[in-house]
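First comes the structure, then the notes that go with it.
The structure is reproduced here in structure tokens:
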């Protein structure tokens, strides 16, 4: 049984509200006669409750399981309902059709929006906060950096990070989420900045961690608060990034990673991006690539632990590729294709590539060769071996993304008064497509609480599976996330086994759903039979 655990973020949030409630209550009694949601009388707002003035239903959302919060209101009011959270009137939509309208077919009416404090910490010129021409230009640049054909060259670097990290876990008890954050952060850094000196990386990492704590805290800009410390760290981080940007501009060598692409970008009038535009987007990409990927990896390790047959299937998939490589080496016949070239390759010192380097590069090239495949992971499987049992192994990642639903919802804002599914949404109201509710609907995924990778042997219905969002603002780094996940699993499952410490039950939200305490596990070397 899963037990909801109040995260430190929400505990702080709750304690601060307990102190403020008496003052707010007195103020609200005075304001109550003047507070109303203004809209034309002949227009019908979606059903729902706005809760207390100003406070709304924020406390309810942050002190109970979000699944319960969403499902209770959906059952009572339907797939479209209104509420009031974080100081904003909101409309939540929980049907695939309505989500598609907001994110795709009428996306021009619903701009992306974030709380002002988040925008201050990431930077106002990051592509997440924009739409139109500027957003389109930035998204193309970011996608160019994270397309499979571009990240193929990062395979060996990602493998190096994984191989350096995994041995430090052997015969130790680790907190999975923290270790996955280390891995995801290092991958995000090489993807964003390319090759950097260790001292530069370490300085940026320390500032980023301070920034992260403030991002997930109450936005109180007072001395000693995490938010104030985060804003100071943001200023220092911006200065560090600008020094790196200036150094690359002066040298004429833009370097690798997203930074290199942004430095070399020009519009049709040959205007380059400013330093602040580049810095904000670098910070934004690191944020986007860090917490979410770490949370997904944490859930994958839990699900593989709880489903031993799936763990063995994933291991078998990885070992099959190694056996193919070993068989060709022993026969002396390297064969055709890229595998044959990699097996015969030597550097100037006649050193050959290792089996793991070859395996990871085969995976990377498959990503590059099949950018538009509906499921890159499924294609990898078919490329390696036409075996139904192995299909279960690669769908583990897809099912983890559905079950965990790291991205529970996304914020949009109505840019004008909108008629929507028979209801009226006033200009300025937030509109939230509920990915988690759709992913956990029995109408689209039978027995949604059950972890069952086999459900992805058949593609899901359109607009029912959106782990990376949908439309023009969908996550541009989804292919990188898949690749780094696959590489870590490749090395971890073939070299280690792990046991959850404690009962392994319970979920905490801070802000993404993760197993309680970040999933403490004891890692041991795998006994290879």
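In my numbering, the protein residues as written are 473 to 1001.
Even glycine gets a Cβ: it sits at the ideal position worked out from N, Cα and C.
Query	Result
When you compare only the Cα positions, how much space is there between residue 999 and residue 584?	49 Å
Could you give the DSSP three-state label for residue 891: helix, strand or coil?	strand
In three-state terms, what does DSSP make of residue 970?	strand
Does the contact criterion of 3 or more C-beta pairs under 8 Å hold for the region 678-694 versus the region 588-602?	yes
State the start and end residues of the unbroken beta strand (DSSP E) segment that holds residue 986.	985-987
Taking all protein chains shown into account, decide if residue 776 is buried (16 or more other Cβ within 10 angstroms of its Cβ) or exposed.	buried
Is residue 817 helix, strand or coil when you go by DSSP?	coil
With distances taken Cα to Cα, identify the nearest neighbour of residue 959 among 632, 545, 550, 611.	632
Is residue 641 near residue 995, with beta carbons less than 8 Å apart?	yes
With residue 730 and residue 626 assumed to form a contact (beta carbons below 8 Å), what rounded beta-carbon distance in angstroms separates them?	Between residue 626 and residue 730 the Cβ distance is about 11 Å, and since that is not below 8 Å, they are no contact.
What residues are listed by DSSP as bridge partners for residue 904?	564
Would you decide whether residue 975 is buried or exposed? Buried here means 16 or more other CB atoms lie within 10 Å of its CB.	exposed
Nearest to residue 675 by alpha carbon, out of 649, 716, 516?	716
DSSP three-state label for residue 884, please.	strand
Residue 540: which of 880, 637, 931, 778 sits nearest, CA to CA?	880
If we count Cβ pairs, one from each stretch, closer than 8 Å, do we get three or more for the region 515-523 versus the region 546-566?	yes
Identify whether residue 909 lies in helix, strand or coil by the three-state DSSP scheme.	helix
Within 10 angstroms of its Cβ, does residue 694 collect 16 or more other Cβ (buried), or is it exposed?	exposed
What is the DSSP secondary structure of residue 937, counted as helix, strand or coil?	coil
Relative to the C-alpha of residue 923, which residue among 619, 939, 572, 873 is closest?	873
Distance check for residue 645 and residue 697, CA to CA, integer angstroms please.	32 Å
Run the CB neighbour count on residue 639, radius 10 Å, all protein chains shown included, and call it buried at 16 or more, exposed below.	exposed
Consult DSSP for residue 995 and reduce its assignment to one of helix, strand or coil.	strand
May I ask you to report which of helix, strand or coil DSSP gives residue 582?	strand
How many angstroms separate the CA atom of residue 986 from the CA atom of residue 869?	15 Å
Which ranges would you report for the alpha helix (DSSP H) in the region 636-721 if only whole runs of at least 4 residues count?	648-665, 670-687
State the Cα-Cα distance for the pair residue 898 and residue 602, rounded to the nearest angstrom.	20 Å
Looking only at DSSP bridge pairs, what is residue 824 linked to?	818
Could you give the residue range of the alpha helix (DSSP H) that holds residue 553?	Counting along the chain, residue 553 falls outside any alpha helix (DSSP H), though it belongs to the beta strand (DSSP E) covering 552-557.
Using three-state DSSP, classify residue 878 as helix, strand or coil.	coil
Tell me whether the beta-carbon of residue 551 lies closer than 8 Å to the beta-carbon of residue 567.	yes
Excluding five sequence neighbours on each side, which residues of the same chain lie with their C-beta closer than 8 Å to the C-beta of residue 895?	516, 517, 518, 552, 563
Can you list, in chain order, the residues of its chain whose CB lies under 7 Å from that of residue 759, leaving out five sequence neighbours each side?	594
Does the Cβ of residue 830 have 16 or more other Cβ atoms within 10 Å, making it buried, or fewer, making it exposed?	buried
For residue 738, name the three-state secondary structure that DSSP assigns.	strand
Return yes when the Cβ of residue 753 is within less than 8 Å of the Cβ of residue 734, no when it is not.	yes
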